[in-house]
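Residues 3 to 320 in the working numbering are what the sequence shown spells out, letter by letter. Working notes for the structure below.
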Amino acid sequence: MWDHERGGNVNDIVVELKNVTKIIGGKTLIDNLSFSVRRGEVYGFLGPNGAGKTTTIRMMVGLMAMTSGEVIIEGHNVANERSKAMAHVGAIVENPELYKFMTGKKNLLHFARMSGKPISQERIDEIVKLVELDKALDKKVKNYSLGMRQRLGIAQALLHNPSILILDEPTNGLDPAGIRELRDYLRRLAKEENISILVSSHLLSEIELMCDRVLIIQNGKFVGERVLDPNAEGNATEARSIQLRVGDGEHAKTVLADTEWNITASAGSSLTLLLMNEDIPTVIEHLVRNGVKLYEVRAVTPTLEDTFLSMTKGGHIQ
Ligand SMILES: Nc1ncnc2c1ncn2[C@@H]1O[C@H](COP(=O)(O)OP(=O)(O)OP(=O)(O)O)[C@@H](O)[C@H]1O
Ligand SMILES: [Mg+2]
Numbered sequence: 003m004w005d006h007e008r009g010g011n012v013n014d015i016v017v018e019l020k021n022v023t024k025i026i027g028g029k030t031l032i033d034n035l036s037f038s039v040r041r042g043e044v045y046g047f048l049g050p051n052g053a054g055k056t057t058t059i060r061m062m063v064g065l066m067a068m069t070s071g072e073v074i075i076e077g078h079n080v081a082n083e084r085s086k087a088m089a090h091v092g093a094i095v096e097n098p099e100l101y102k103f104m105t106g107k108k109n110l111l112h113f114a115r116m117s118g119k120p121i122s123q124e125r126i127d128e129i130v131k132l133v134e135l136d137k138a139l140d141k142k143v144k145n146y147s148l149g150m151r152q153r154l155g156i157a158q159a160l161l162h163n164p165s166i167l168i169l170d171e172p173t174n175g176l177d178p179a180g181i182r183e184l185r186d187y188l189r190r191l192a193k194e195e196n197i198s199i200l201v202s203s204h205l206l207s208e209i210e211l212m213c214d215r216v217l218i219i220q221n222g223k224f225v226g227e228r229v230l231d232p233n234a235e236g237n238a239t240e241a242r243s244i245q246l247r248v249g250d251g252e253h254a255k256t257v258l259a260d261t262e263w264n265i266t267a268s269a270g271s272s273l274t275l276l277l278m279n280e281d282i283p284t285v286i287e288h289l290v291r292n293g294v295k296l297y298e299v300r301a302v303t304p305t306l307e308d309t310f311l312s313m314t315k316g317g318h319i320q
């Protein structure tokens, strides 16, 4: 079942975290975190600095043990079937490990040999095309730009045909053009290879443009999860902010005072209410019947930034 044209198959889960907790020195860094990534989606992992993104990713790829909870990758538990689980993961957690004095091609051949799995020349060619490095392959890595190194790192992570690519803050240090390129080919990768991609970031703008869904964490805790669809008209199963412009704001407030609908903001002739879709006509009817003149009704679509700020109560963002 596809619940969303860009959101992947809800029944086809590639990675699942169940109640993952990490405590170091009595401090809870990750607190009972659960989420899952669907096949073929670009999943954003958003949180302010120090929220616990890198810590979570390190546990997902088996670089750090968890205190409790489970990470399941393609049905394999990272804690006791690490190599089976990792066979499906391509990741860049810290800087990609590259040999600067070798060409891009030699680097890839080296990692292909190291992967312990036979990797054909065709596969290498295919990946190189995908990350648009075909023209730079005979250059030494020391002459690569940061964006090119990033792409070579991703090519290397993709060699063994993983079902999920995990990238910790992949746009760090890239210029706007590099960020745009990365965004474009990550989206293409998800679409053409049906690969899932988890990207962490502390930048909302980036996640908003790149991802199908986003998970927001703060202080190691789950804060929220959202589907990001630039064309969405709001989710019918969730309350939305509805802004009304009325003739007499005070009168409208009195009319609404004894109802179940709460005014979340008001200023002069403008009132904002948090309403379920089906309540909108009822509220309008109630106001009109009680003599409130209604000049405008509009849905206020919260941006991811509004959502993030209200969810994290002003958590640091950039
Ligand atoms: N080995 C460790 N021992 C103790 N505390 C740690 C350790 N590693 C990370 N932390 C703490 O855990 C918290 C989460 O850190 P983490 O690096 O996972 O955050 P992050 O979301 O990746 O932040 P950033 O956006 O800055 O990369 C921070 O408070 C950090 O100081
Ligand atoms: Mg980090």
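Ideal Cβ positions, reconstructed from N, Cα and C, are used throughout, including at glycine.
{"query": "Euclidean distance between Cα positions of Ser243 and Ile26", "result": "41 Å"}
{"query": "First through last residue of the alpha helix (DSSP H) which encompasses Asp186", "result": "Pro178 to Glu195"}
{"query": "heavy atom of ligand 1 below 8 Å from Pro120 C-beta", "result": "no"}
{"query": "Delimiting residues of the alpha helix (DSSP H) encompassing Ala241", "result": "Ala241 -> no alpha helix (DSSP H), and no H or E assigned at all."}
{"query": "Start and end residues, beta strand (DSSP E) containing Gly226", "result": "Lys223 to Val229"}
{"query": "Collapsed DSSP secondary structure at Glu235 in the structure displayed", "result": "Note on Glu235: pLDDT 46, under 50, position unreliable in the model; no value is reported."}
{"query": "Between the CA atoms of Gly42 and Glu195 - distance to the nearest angstrom", "result": "8 Å"}
{"query": "Asp140 - DSSP class collapsed to helix/strand/coil", "result": "coil"}
{"query": "Those residues, in chain order, that have a beta-carbon closer than 7 Å to some heavy atom of ligand 2", "result": "Lys55, Thr56, Asp170, Glu171 and Ser202"}
{"query": "Member of Leu211, Phe103 and Ser85 whose CA lies at the smallest distance from the CA of His162", "result": "Ser85"}
{"query": "DSSP state of Glu18 mapped onto helix, strand, coil", "result": "strand"}
{"query": "Best match in Gly77, Leu154 and Thr57 for proximity to Asn221 [C-alpha to C-alpha]", "result": "Thr57"}
{"query": "Glu235 versus Asp281: straight-line alpha-carbon distance, rounded", "result": "Caution applies to Glu235, whose pLDDT of 46 falls short of 50 and renders its modelled position unreliable; the model cannot decide the point."}
{"query": "Any non-hydrogen atom of ligand 1 within 8 Å of His112 CB", "result": "no"}
{"query": "For Asp250, the first and last residue of its enclosing beta strand (DSSP E)", "result": "Note, Asp250: premise wrong, no beta strand (DSSP E); not H, not E."}
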